[in-house]
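The opening residue of the sequence shown carries number 1243 in the working numbering; numbering runs sequentially from there.
Here is the structure we will look at, set down as structure tokens.
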Amino acid sequence: MADPQFIIGTSISEMLAGMELDGEDPHTLDLGTNYLLYFLYDYLPHPPVSPTATLFPSGLPLLPDGVDRISRLPDAVLRGIVSRLPAKDAARTSALSSRWRPLWRAAPLSLVDSHLLPDGGAAGQFPIGVPSPRAVTAAVSRVLAAHPGPFRCVHLTRSTMEEHRGEMSRWLDILVAKGVQELVFANRPWPIDLRLPATIFGCASLTRLYLGVWRLPDTAAVPRGASFPNLKELGLCCCVMEDHDLAFMLERSPVLEFLVLMGSQTGVGLRLVSHSLRCVQLGFTMLEDIDVVDAPRLERLFQWQIVSPGQVAMNCSFRIKIGRAPNLRVLGYLKPGDQELGISNTVIAGAKECIVPSVQILGIEVQFGLRNAVKKVPGFLRCFPNLETLHVYSRRISEESTGKVNLKFWQEGGPMKCVVQSMKKVFFYEFQGLRSEVAFLKFIAERGRVLEQMVVVVASKCFSSGEDNVRAKLKPLTSANWSSKACKVELCKSTRTEPGSPIYSNKIASDFGFADPFDLLEYH
């Protein structure tokens, strides 16, 4: 894989020429860019309207008198109906009758560019190499110009913005002037660092904003009074940004509750000072460090697959500092210990002194085959004295095990208050049958006084030698002297055939209806 810093600022023609000189197949660039788009679209929110929705239940009989009672509803109700239709269907309502004719222009419109395709976007995302659909770009321009606004939501993800810079600028001008609540604005590469117009900071009506594959505007040139006074959710996906640009956007979003950083292309330091943020998600992102300075409403902080600046290997070192976050309940996946490249991974600053009493649900990723990694786990657990639910993902290692960690290690590892006094649930994923894994689980079983549930998801590889092999590996656990006699133990076989990262759902992570966003067993 090419160095991300090299890719940024490089045109597609330069990339192709360079690949040919190096003897590489240019078609691999299309594959890589398609993967980037697949990743991007997976993290963008779904539109609130769908062209495939059932508008009228089939087989439902019409009223016998044939009277159109819907048209008798008040204008406010009818406008609400129209605003929940795709743009095409909303415009078509004007042909129903004179009663409906003016409603679509008076209703907050939902515009999704993929819905303007002949198939309504059912064929999926366009692969790289296919020309940008100019008919869709032109249709977007017509709809934005014809409708007086405001717009309920606008999703623009199908255009190669480099080919339509003029239209792109006009679209933002129109949205600033007419108002938009939800905006999803993604550039189809190449390039992958096209500068986003600073006009975006004029969209004061925004409540939800997702940007994909852009270079953020130079905030030094943005007017001092520019802000997002109503913005509650911000997603920056595959974007190029500097520390001060990210800090500027957070500072100018006084009511922001949800922050998503996915696949950032440049290393940034995240410094959280916000009295409104409730949930932060960081994934596949180049980060220098995370500093939670003052976030009194922060309840959930997620990080996984972090990239260290200057490295293309995943899971490189960076530091988490937790300052004032009195309501932080959910945290993970943290990674104590060393990684495959021997680089120190996620470390809570001042682990011996750092106590986060508010955390109740924690996710950690541990390489139980590496002694140096396992040795860091007790220090991490001591940081969370009131922990109630622990999720442990056992990552496979590529080399031989570097030292055994037995039950004696855990027994002599010093007091872990959460294990003895507060831990009620333990979920252990991808159990491989290592002695250090069994020793850890046995320690929890024999020390957990209030333990109610232990779930062990056994890696499918363990079953290659038969179920008797699995029973033999777990025998020390079944013969343990359990401190909590009421604890229920559940064993199940993993559905994964290849090693990877913990299963994670970005949609569930931000859904506060799920009390434990790491517990996806029942969900799946």
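The beta carbon of each residue, even a glycine, is placed where N, CA and C say it ideally should be.
This one's a predicted model, so the numbers in the text were calculated from it and none came from an experiment.
How big is the Cα-Cα spacing for residue i and residue j?
i, j, result
"Asp1758", "Trp1456", "33 Å"
"Leu1201", "Tyr1277", "The structure shown does not extend to residue 1201, since the chain spans only 1243 to 1766, so no value can be given for it."
"Phe1393", "Gly1421", "6 Å"
"Thr1527", "Val1510", "9 Å"
"Cys1596", "Lys1667", "23 Å"
"Leu1719", "Val1598", "30 Å"
"Gly1467", "Ala1380", "33 Å"
"Ala1419", "Ala1348", "16 Å"
"Leu1327", "Thr1335", "10 Å"
"Lys1577", "Gln1545", "10 Å"
"Phe1705", "Val1712", "7 Å"
"Lys1330", "Pro1293", "9 Å"
"Gly1322", "Met1403", "32 Å"
"Val1697", "Val1608", "17 Å"
"Met1647", "Val1482", "The sequence shown places Val at residue 1647, not Met. So the two alpha carbons sit approximately 42 Å from each other."
"Leu1282", "Glu1484", "20 Å"
"Ile1312", "Ser1411", "39 Å"
"Lys1717", "Leu1448", "57 Å"
Find out if the Cβ-Cβ distance for the pair residue i, residue j is shorter than 8 Å.
i, j, result
"Leu1693", "Met1658", "no"
"Gln1523", "Ser1752", "yes"
"Tyr1780", "Leu1286", "Nothing can be reported for residue 1780, as the shown portion of the chain is limited to 1243 through 1766."
"Val1354", "His1397", "yes"
"Arg1691", "Ser1726", "yes"
"Val1382", "Leu1414", "no"
"Cys1445", "Leu1478", "no"
"Leu1512", "Ile1532", "yes"
"Glu1530", "Arg1571", "no"
"Phe1685", "Leu1649", "yes"
"Ala1333", "Trp1346", "yes"
"Thr1461", "Phe1490", "yes"
"Ala1567", "Ala1615", "no"
"Asp1761", "Phe1673", "no"
Would you mind reading off the limits of the beta strand (DSSP E) that contains residue i?
i, result
"Phe1673", "1667-1673"
"Arg1542", "1542-1546"
"Val1510", "1510-1515"
"Gln1602", "Counting along the chain, Gln1602 falls outside any beta strand (DSSP E), and DSSP gives it neither H nor E."
"Arg1347", "No beta strand (DSSP E) contains Arg1347, which is instead part of the alpha helix (DSSP H) from 1345-1348."
"Arg1561", "1561-1566"
Output the boundary residues of the alpha helix (DSSP H) element that contains residue i.
i, result
"His1397", "Counting along the chain, His1397 falls outside any alpha helix (DSSP H), though it belongs to the beta strand (DSSP E) covering 1393-1398."
"Ser1325", "1317-1325"
"Trp1413", "1407-1420"
"Glu1679", "1677-1689"
"Met1491", "1485-1493"
"Ile1750", "1748-1751"
"Ser1383", "1376-1388"
"Lys1330", "1329-1334"
"Leu1719", "1709-1720"
"Gln1523", "Per DSSP, Gln1523 belongs to no alpha helix (DSSP H); it is in the beta strand (DSSP E), 1521-1525."
"Gly1621", "1619-1624"
Leaving aside the five residues before and after residue i along the sequence, list all residues of the same chain whose C-beta is less than 7 Å from its C-beta, in chain order.
i, result
"Ser1495", "Phe1470, Leu1473, Leu1476"
"Ser1518", "Pro1496, Val1497, Leu1498, Glu1499, Arg1539"
"Ala1440", "Pro1459, Ala1463, Val1464"
"Ser1702", "Lys1735, Ser1736, Arg1738, Thr1739"
"Ser1516", "Leu1492, Leu1498, Ala1537"
"Tyr1746", "Trp1546"
Grab me the residues of residue i's own chain with a C-beta within less than 6 Å of its C-beta, minus the 5 sequence neighbours each way, in chain order.
i, result
"Val1699", "Tyr1671, Cys1734, Ser1736"
"Arg1450", "Glu1424, Glu1475"
"Arg1731", "According to the sequence displayed, residue 1731 carries Val and not Arg. Excluding residues within five positions, the ones whose Cβ falls inside 6 Å are Met1696."
"Arg1430", "Thr1402"
Judging by CA-CA distance, which residue of the options is the nearest neighbour of residue i?
i, options, result
"Ile1606", "Pro1744, Asp1485, Asn1429", "Pro1744"
"Arg1767", "Cys1660, Gln1695, Tyr1575, Met1403", "In this structure the chain extends from 1243 to 1766, so residue 1767 is not present and cannot be described."
"Ser1401", "Ser1313, Trp1432, Ile1416", "Trp1432"
"Gly1611", "Ser1678, Arg1407, Gln1547", "Ser1678"
"Gly1505", "Gly1454, Arg1341, Leu1425, Met1696", "Gly1454"
"Pro1627", "His1633, Val1662, Pro1360", "Val1662"
"Leu1604", "Gly1408, Arg1566, Leu1632, Gln1674", "Leu1632"
"Leu1514", "Lys1563, Leu1478, Thr1508", "Lys1563"
"Phe1427", "Pro1360, His1288, Thr1294, Gly1525", "His1288"
"Cys1395", "Ala1333, Gly1322, Pro1290", "Pro1290"
"Phe1443", "Val1482, Leu1492, Arg1384", "Leu1492"
"Val1680", "Ser1707, Asp1317, Trp1652", "Trp1652"
"Asn1569", "Asp1317, Gly1742, Arg1613, Arg1520", "Arg1520"
"Pro1360", "Asp1761, Phe1673, Pro1375, Gly1391", "Pro1375"
"Ala1388", "Glu1405, Arg1407, Pro1350, Phe1756", "Pro1350"
With a threshold of 8 Å between beta carbons, is residue i in contact with chain D?
i, result
"Arg1450", "Checking the listed chains, one finds no chain D in this structure; it contains a single protein chain."
Quick one: does the C-beta of residue i sit closer than 7 Å to a heavy atom of the ligand GDP?
i, result
"Thr1739", "Judged by which ligands are present, the structure shown has none, so any question about the ligand GDP falls away."
Keeping to the same chain, check which residues put their C-beta closer than 8 Å to that of residue i; ignore five residues upstream and five downstream.
i, result
"Gly1655", "Pro1620"
"Leu1629", "Val1601, Gln1602, Ile1603, Leu1604, Leu1623, Cys1660, Ser1664, Met1665"
"Ser1340", "none"
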